[in-house]
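Enquirer: For reference, the structure I am asking about is given below.
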Amino acid sequence: MKKILIVDDRPMRQKNQLGKDLFDKLCSLDNITRDFMLDVNKITSYDIVAIHYSLLDNSGQIKEIRDVLSKRGKCLILFSGGNPTNRIINGGREALVSSSLFYSKKTIDFFEQLQSVEINKHLLEKMLYGKNWKVAFLERYAQLLWVNGATMDKWPDMEDLTDDEIQVLNELEIEFGHKSFKEINEDINRILKI
Amino acid sequence: MRILLLHNNNVPFSFISENWGDDIDLEIEIIKPSTDDNDYDVFVSQQLGTIFSNNTFDLIILPYSFSEYNPIEYTGLIVAAHIRLTPEWNHSRKPILFVGPEETKQVAKLSEMGSILFSPGICSTRTNSLPNLIGGIKELSLEEITDSEFSEFLNRIQIPRPSNYATHHSIANEWAVMRWTNDVINWGEQEMPIIGTKSFTSMLYFKYLMAKAGSGEKVSEKWKKKNGADPKINGISGKRVAYIDDEYDKGWGVLLSKIFENSGAELHIYDKFKEYKDREDLITSINDFVDDIDADCFLLDLRLHDDDFDRTKDEISGHKIAAHIKDPKINRARQVVIFSASDKVWNMKEEVQKIGATDYVLKESPEANFSKIDSLNGFNEFKKAVKKACDLSYLKDYINFLKGTTFEKSFPLNNYIDLALLNSKNVLNSCVIGLNVFIEDYVEDKFALIDSLNIQKKDGKWKSKIFGLVKFKKDINRDIKEVVCTRTLSESINYKKIDGWEDAIIDETHRSTKIVGALFYYYGFRNPECNRVLEFRAERNSVAHEGRSTNFDFEKLKLFFDDIIVNIIKKEESAK
Chain H
-10 MKKILIVDDR
0 PMRQKNQLGK
10 DLFDKLCSLD
20 NITRDFMLDV
30 NKITSYDIVA
40 IHYSLLDNSG
50 QIKEIRDVLS
60 KRGKCLILFS
70 GGNPTNRIIN
80 GGREALVSSS
90 LFYSKKTIDF
100 FEQLQSVEIN
110 KHLLEKMLYG
120 KNWKVAFLER
130 YAQLLWVNGA
140 TMDKWPDMED
150 LTDDEIQVLN
160 ELEIEFGHKS
170 FKEINEDINR
180 ILKI
Chain L
18 MRILLLHNNN
28 VPFSFISENW
38 GDDIDLEIEI
48 IKPSTDDNDY
58 DVFVSQQLGT
68 IFSNNTFDLI
78 ILPYSFSEYN
88 PIEYTGLIVA
98 AHIRLTPEWN
108 HSRKPILFVG
118 PEETKQVAKL
128 SEMGSILFSP
138 GICSTRTNSL
148 PNLIGGIKEL
158 SLEEITDSEF
168 SEFLNRIQIP
178 RPSNYATHHS
188 IANEWAVMRW
198 TNDVINWGEQ
208 EMPIIGTKSF
218 TSMLYFKYLM
228 AKAGSGEKVS
238 EKWKKKNGAD
248 PKINGISGKR
258 VAYIDDEYDK
268 GWGVLLSKIF
278 ENSGAELHIY
288 DKFKEYKDRE
298 DLITSINDFV
308 DDIDADCFLL
318 DLRLHDDDFD
328 RTKDEISGHK
338 IAAHIKDPKI
348 NRARQVVIFS
358 ASDKVWNMKE
368 EVQKIGATDY
378 VLKESPEANF
388 SKIDSLNGFN
398 EFKKAVKKAC
408 DLSYLKDYIN
418 FLKGTTFEKS
428 FPLNNYIDLA
438 LLNSKNVLNS
448 CVIGLNVFIE
458 DYVEDKFALI
468 DSLNIQKKDG
478 KWKSKIFGLV
488 KFKKDINRDI
498 KEVVCTRTLS
508 ESINYKKIDG
518 WEDAIIDETH
528 RSTKIVGALF
538 YYYGFRNPEC
548 NRVLEFRAER
558 NSVAHEGRST
568 NFDFEKLKLF
578 FDDIIVNIIK
588 KEESAK
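Here it is in structure tokens:
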């Protein structure tokens, strides 16, 4: 079971944005702890720490939180109402998301899933993209090939790739199999039902 | 041909390292936010603002995403939308080419902004070969899109509204303060206040609203100089205004401080919203602020807490605070001006009545209004509303003054205050009658004429001779027109006698005699004040008996209250 800490300094925001039913569901989840204040000493006991951005921004603790969680391989979610652009940064360990996405059925359902299903990889992609999460990695796979000059059927010359690129490509190959640019594209279309 | 290539090391290396040919002038820029760039719109606006400054490109090339890690966050679409929707950069009609391994239909399926890919002037290629790319570019039409194509783009794209701006309310809050500060007020020689709207004006959704509204209503400096409003509210000097709005820190506090400073008034801003997370605690804190400040005008927003957004209008915090401000047990004459963002669901006139507010001012929204004249009128309405509240605040002072005195529950005085609060010409007759009733009844109740010579306080502690010392001059109808009290002017008695003056005792009802005798000899008023009372009596008789509308206005009633009634009460209270 993955444990999640949600820190939001405005207590009513959760209820207002989720609505009563979803809020009740959030409150009923055993793996969720809700708090209105941030205690840095406690965050490492959670797998995912979600904090309202302005709370961290005001307290100037962003860097400290990032460092603490990053060292332990934990995920950080910073949610904010002001920015509609959902992004994953810091190598997949941190997500910047809108409050409306964070306080949504999709996210609550995902947290519920984390109660019973052991999910250890790609937590943030799964939270953000649900059943389409694989597309994020397949597109990355495709991009690595494309950037380095692959054709539809043929991988690029590995000598042209940097060490970092080779490492990422290896990881993707292990997880999704050795695929050509064309095959990746077909997989994506299959997932997206195109 | 000048081409701008934007990337984050996620395009083929050849694109950024090789020569594109002599006929292509290529500028390459990296778009890479730092981890501290939480607001992507602000980041993009700053970056591209610099890139486009004094630069003109014929074509802009960019990938679908600028993320090094996550290609499906599609920040490239956001950047393209910013280019289209930021006219200040002068590239909103330029062709844009997306490059990447993605199929456009994949992007469209995953991004709510994907429709931009199918709008005019946008094309895409999956080639990772530089010669193929250059060949394709040479076949492209590099014409700018037309006005109708731009309209088509606007109709086609969907720009998500940030959840902070999930309501009309929040957009209006930032738009209106910017509109008033930058466009509506003519600051003249004064420095325009800095209201910090960068994050708002950088917001893609805001740019989208601006583009949808068109450029017809943009305000020029010339227009502002000619038509702009004075940043000052005349006639409120020395007044105290309290401002209660959880959006005060979005520029309103700065703007209003400047306006009230110019007007010679004090502005007190409630600024503890962040200290009180709980709605009830917040309401209590604001109510304490209200009671401490004794303001002439409370500028009050209605939605002051997150929790208000899922409540019925009667339950929202603004209503509760308004009810406290107008609480009859404290002071029902305190003046509230509702200053809130518009909400089409609510009938504001109904709200004003329900709350007992003096007036309301709506913060305009770009979604509802773009006319500069409407904006100007909105600001002038604001000034009028504040002035009206400050003008009426004397009634609040009357209630404070009466509080704790034996007159606190006086029906005629309270009735007068309630009528005056209506601030309507229709109640002026009643006000004139009411103030007369107070004096007549009070004097009748407390004083007696005895043995045709003296006036006596009924409690027996004071008596004064008035026979021969109070004289009236009457008109042909024998209505009293003038009074003279001669205690200190005995030498003029003869003169006045022969000139039509009569002894007060001749007054048929004795009431005028009693009133004037009391006013002059007990309360210490001089002849002009006594004559004013008689003037009021005459006016009361005229409006009550002849049914005409009084010529008196609220200002005259106020002066009467201040000069006569206040002094009667003071004398009575000091004698207690």
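Chains as they are written, first to last, in my numbering: chain H, -10 to 183; chain L, 18 to 593.
All C-beta atoms in this analysis are idealised placements derived from N, C-alpha and C, irrespective of residue type, glycine included.
On a predicted model such as this, the values are computed, not experimentally measured, just so you know.
Ends of the beta strand (DSSP E) at Val403 (chain L)?
Expert: Taken as a continuous stretch (DSSP letters only), Val403 (chain L) belongs to no beta strand (DSSP E), being part of the alpha helix (DSSP H) at Lys389 to Leu419.
Enquirer: Exposed or buried, what is Lys242 (chain L) when buried is set at 16 or more other beta-carbons lying within 10 Å of its beta-carbon?
Expert: Exposed.
Enquirer: Should Thr92 (chain L) be labelled buried (16 or more other beta-carbon atoms within 10 Å of its own) or exposed?
Expert: Buried is the call here.
Enquirer: Give the DSSP bridge partners of Ala246 (chain L), in chain order.
Expert: Bridge partners of Ala246 (chain L): L:Ile202.
Enquirer: Between Leu321 (chain L) and Leu299 (chain L), how many whole angstroms is the CB-CB distance? I'm expecting something under 8 angstroms.
Expert: Confirmed, Cβ separation roughly 7 angstroms.
Enquirer: Locate the beta strand (DSSP E) running through Phe489 (chain L), then write down its first and last residues.
Expert: Val487 to Lys491 is the extent of the beta strand (DSSP E) around Phe489 (chain L).
Enquirer: Quick check on the DSSP output: the alpha helix (DSSP H) that includes Ser529 (chain L) runs from which residue to which?
Expert: Counting along the chain, the alpha helix (DSSP H) containing Ser529 (chain L) begins and ends at Arg528 to Gly534.
Enquirer: Judging by CA-CA distance, which residue of H:Tyr35, H:Asp46 and H:Gly70 is the nearest neighbour of Leu58 (chain H)?
Expert: Ranking the options by Cα distance to Leu58 (chain H), first place goes to H:Tyr35.
Enquirer: Since I believe Ser69 (chain H) is in contact with Ser88 (chain H) (beta carbons under 8 angstroms), could you give me their beta-carbon distance rounded to a whole number of angstroms?
Expert: Yes, they are in contact, since the Cβ atoms of Ser88 (chain H) and Ser69 (chain H) sit about 6 angstroms apart, within 8 angstroms.
Enquirer: What does the Cβ neighbour count give for Leu439 (chain L), buried or exposed, with the cut at 16 atoms within 10 Å?
Expert: Under this definition Leu439 (chain L) is an exposed residue.
Enquirer: Would you say the stretch 69 to 79 of chain L touches the stretch 93 to 111 of chain L, given that touching needs at least three Cβ pairs under 8 angstroms?
Expert: The answer is yes - the stretch 93 to 111 of chain L touches the stretch 69 to 79 of chain L, with three or more Cβ pairs under 8 angstroms.
Enquirer: With DSSP as the reference, identify every bridge partner of Gln84 (chain H), one or two as the case may be.
Expert: What sits at residue 84 (chain H) in the sequence shown is Ala, not Gln. Ala84 (chain H) is bridged to H:Ile66 and H:Ile77.
Enquirer: Does the distance from the C-beta atom of Glu101 (chain H) to that of Arg55 (chain H) stay below 8 angstroms?
Expert: In this structure, Arg55 (chain H) does not lie closer than 8 angstroms to Glu101 (chain H) by Cβ.
Enquirer: Go through its chain and collect everything with a Cβ distance to Tyr512 (chain L)'s Cβ below 7 angstroms, but skip five positions before and after it.
Expert: Per-residue confidence for Tyr512 (chain L) stands at a pLDDT of 45, beneath the threshold of 50, marking its modelled position as unreliable; no derived number is given.
Enquirer: Give the residues from the stretch 135 to 169 of chain H that approach chain L closer than 7 angstroms (Cβ to any Cβ), ordered along the chain.
Expert: Correct list: Trp135, Val136 and Gly138.
Enquirer: Could you check where the alpha helix (DSSP H) with Leu80 (chain L) kicks off and where it finishes?
Expert: Residue identity differs from the one stated: residue 80 (chain L) is Pro in this sequence, not Leu. Pro80 (chain L) -> not in any alpha helix (DSSP H); beta strand (DSSP E) instead, spanning Leu76 to Pro80.
Enquirer: Along the chain, where does the alpha helix (DSSP H) that runs through Phe553 (chain L) open and close?
Expert: Phe553 (chain L) -> alpha helix (DSSP H) spans Asn544 to Glu563.
Enquirer: Reducing DSSP to helix, strand and coil, say where Glu292 (chain L) ends up.
Expert: Correct three-state label for Glu292 (chain L): helix.
Enquirer: Evaluate Met141 (chain H) with the Cβ neighbour count: other Cβ atoms within 10 Å of its Cβ, from every protein chain shown; 16 or more gives buried, anything less gives exposed.
Expert: Classification for Met141 (chain H): exposed.
Enquirer: Between the C-alpha atoms of Ala555 (chain L) and Gly395 (chain L), what's the straight-line distance to the nearest angstrom?
Expert: Their backbone Cα atoms lie some 43 angstroms apart in a straight line.
Enquirer: Give me the chain H residues within the contact set of Pro29 (chain L), using Cβ-Cβ distance strictly less than 9 angstroms, ordered along the chain.
Expert: By Cβ distance, chain H contributes Trp135, Val136, Asn137 and Gly138.
Enquirer: If contact means a Cβ-Cβ distance below 8 angstroms, which residues of the stretch 111 to 134 of chain L contact chain H?
Expert: Taking 8 angstroms as the Cβ-Cβ cut-off against chain H, the residues of the stretch 111 to 134 of chain L that qualify are Gly117, Pro118, Glu119, Glu120, Lys122, Gln123, Lys126 and Leu127.
Enquirer: From Ile66 (chain H) to Leu(-6) (chain H), what does the alpha carbon distance come to, in whole angstroms?
Expert: Ile66 (chain H) and Leu(-6) (chain H): Cα-Cα distance of roughly 10 angstroms.
Enquirer: Any Cβ of chain H within less than 8 angstroms of the Cβ of Trp37 (chain L)?
Expert: Chain H, which has no Cβ nearer than 8 angstroms to the Cβ of Trp37 (chain L), makes this no.
Enquirer: On a Cα-Cα basis, can you pick out the residue from L:Ala340, L:Phe399, L:Asp520 and L:Ile347 that is closest to Gln370 (chain L)?
Expert: Answer by Cα proximity: L:Ala340.
Enquirer: Do the stretch 255 to 266 of chain L and the stretch 131 to 138 of chain L meet, that is, are 3 or more Cβ pairs less than 8 angstroms apart?
Expert: Result no; under three Cβ-Cβ pairs closer than 8 angstroms.
Enquirer: Look up His341 (chain L) in the DSSP assignment and say whether it is helix, strand or coil.
Expert: Reduced to three states, the DSSP call for His341 (chain L) is helix.
Enquirer: Arg179 (chain H) CB to nearest chain L CB: under 8 angstroms?
Expert: Chain L contact via Cβ: absent.
Enquirer: Give the single residue among L:Asp458, L:Asn548 and L:Ser447 whose Cα lies nearest to the Cα of Phe489 (chain L).
Expert: Nearest of L:Asp458, L:Asn548 and L:Ser447 to Phe489 (chain L), Cα basis: L:Asn548.
Enquirer: Going along chain L, which residues have a C-beta under 8 angstroms from Tyr42 (chain H)?
Expert: The contacting residues are Asn55.
Enquirer: In chain L, which residues lie with their C-beta within 7 angstroms of the C-beta of Glu175 (chain H)?
Expert: Residues of chain L passing the Cβ test: none, with the nearest at roughly 11 angstroms.
Enquirer: Can you pull the DSSP bridge partners for Tyr377 (chain L)?
Expert: L:Ile355.
Enquirer: Compile a chain-ordered list of the residues in the stretch 69 to 93 of chain L whose CB is closer than 7 angstroms to at least one CB of chain H.
Expert: Within the stretch 69 to 93 of chain L, the residues whose Cβ lies closer than 7 angstroms to some Cβ of chain H are Ser84, Tyr86, Asn87, Pro88, Ile89, Glu90 and Thr92, listed in chain order.
Enquirer: Please check if any C-beta of chain L sits within less than 8 angstroms of the C-beta of Ile183 (chain H).
Expert: Chain L contact via Cβ: present.
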